[in-house]
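K.L.:
Residue numbers (this note's numbering): 1481 to 1689. The C-beta atom is built at its ideal place from N, Cα and C for all residues, glycine as well. Only a predicted model underlies this, so the values are computations on that prediction, with no experimental measurement involved. Below you will find the structure I want to go over with you.
As structure tokens, this is what we get:
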């Protein structure tokens, strides 16, 4: 299909039981509801209607366990890694089970990084009842994060006002899905689970022991 609109994206995600968050135009922070909390929409019709009425907003997809969202994300901040070390990051990820042939959603962020979406359903990653907290890390200098208990910006958002974090890195820009790896190509229930080797590596590198 042609590039989905915000409203079509909101409908697709919320129909897949993934709550959506309206985000500030051109930015990542969420908009607030009447109670001052981050606005979260779970009803598909309401989600579609909101983004039809606010076509300048960005859109976020909530991650497990927020409102029983069934997804987590592996975030590869390759733009923060020295260029000479890029090949090593991808080789490590391949060794740990990340594959472009797997049924996963994959997006390129506004800064040129890569995010891979995996399925967890109701079986979260720690203790069976709760997901690993949202963390950002520089484990082994690889800038590979496992994201949960929060949200990620998704296409067709555009973080046009985001400044680069390191000299020479890209600033904000449009988010795009990789061909064949979008919510319209792969149903959420068909997403692959996170590779056990990658999860074990991440736990070993980051979580307190």
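Please go through the same chain and pick out, in chain order, the residues whose beta-carbon is closer than 6 Å to the beta-carbon of residue 1531, but skip the five residues on each side of it.
P.N.:
Along the chain shown, one-based indexing puts residue 1531 at 51. Taken in chain order, the residues that qualify are 1486, 1487, 1490.
K.L.:
Specify whether the stretch 1651–1661 and the stretch 1584–1604 touch according to this definition: at least 3 beta carbon pairs, one from each stretch, less than 8 Å apart.
P.N.:
Taking 8 Å as the limit for Cβ pairs, the verdict is that the stretch 1584–1604 does touch the stretch 1651–1661.
K.L.:
With a threshold of 8 Å, are at least 3 pairs of Cβ atoms found where one atom belongs to the stretch 1537–1557 and the other to the stretch 1626–1637?
P.N.:
Verdict: yes, contact present.
K.L.:
For the putative contact between residue 1600 and residue 1552, defined by C-beta atoms under 8 Å, what is the C-beta separation to the nearest angstrom?
P.N.:
Here the question's residue 1600 lines up with position 120 in the chain shown. Here the question's residue 1552 lines up with position 72 in the chain shown. Indeed they touch by this definition, with Cβ atoms about 5 Å apart.
K.L.:
Would you give the residue range spanned by the alpha helix (DSSP H) that residue 1570 belongs to?
P.N.:
For the purposes of this step, residue 1570 is taken as residue 90 along the chain shown, with counting starting at 1. Here the alpha helix (DSSP H) through residue 1570 covers 1566–1575.
K.L.:
Per DSSP, what kind of secondary structure is residue 1681 in: helix, strand or coil?
P.N.:
What you label residue 1681 is simply residue 201 of the chain shown in a count that begins at 1. Reduced to three states, the DSSP call for residue 1681 is helix.
K.L.:
Would you call residue 1589 buried or exposed, if buried means 16 or more other Cβ atoms sit within 10 Å of its Cβ?
P.N.:
Position 109 of the chain shown, counting from 1, holds the residue named residue 1589. Under this definition residue 1589 is a buried residue.
K.L.:
Would you kindly work out how many angstroms separate the C-alpha atoms of residue 1549 and residue 1671, rounded to a whole number?
P.N.:
Mapped onto the chain shown, residue 1549 falls at position 69. Mapped onto the chain shown, residue 1671 falls at position 191. Cα-Cα distance, rounded: 13 Å.
K.L.:
Considering only residues of the same chain and omitting the five flanking positions on each side of residue 1483, which have a CB-CB separation below 7 Å?
P.N.:
Position 3 of the chain shown, counted from the start, is the residue given in the question as residue 1483. 1636.
K.L.:
Among 1621, 1593, 1594, 1577, which residue has its Cα nearest to the Cα of residue 1673?
P.N.:
The count along the chain shown starts at 1 and reaches residue 1673 at position 193. With distances taken between Cα atoms, residue 1673 lies closest to 1577.
K.L.:
Let me check understanding here. Comparing Cα to Cα, which of 1525, 1653, 1628 lies closest to residue 1640?
P.N.:
As a first step, residue 1640 must be located in the chain shown, where it is residue number 160. That would be 1653, whose Cα lies nearest to the Cα of residue 1640.
K.L.:
Identify whether residue 1546 lies in helix, strand or coil by the three-state DSSP scheme.
P.N.:
As a working mapping, residue 1546 is identified with position 66 in the chain shown. In this structure, residue 1546 counts as helix in the three-state DSSP scheme.
K.L.:
Out of 1667, 1534, 1524, state which residue places its alpha-carbon closest to the alpha-carbon of residue 1597.
P.N.:
Locating residue 1597 in the chain shown gives position 117, where the first residue counts as 1. For the residues 1667, 1534, 1524, the minimum Cα distance to residue 1597 belongs to 1667.
K.L.:
Where are the beta strand (DSSP E) runs, 3 residues long or more, that stay fully inside the stretch 1486–1567, in chain order?
P.N.:
Qualifying beta strand (DSSP E) stretches, in chain order: 1500–1503, 1538–1542, 1551–1556.
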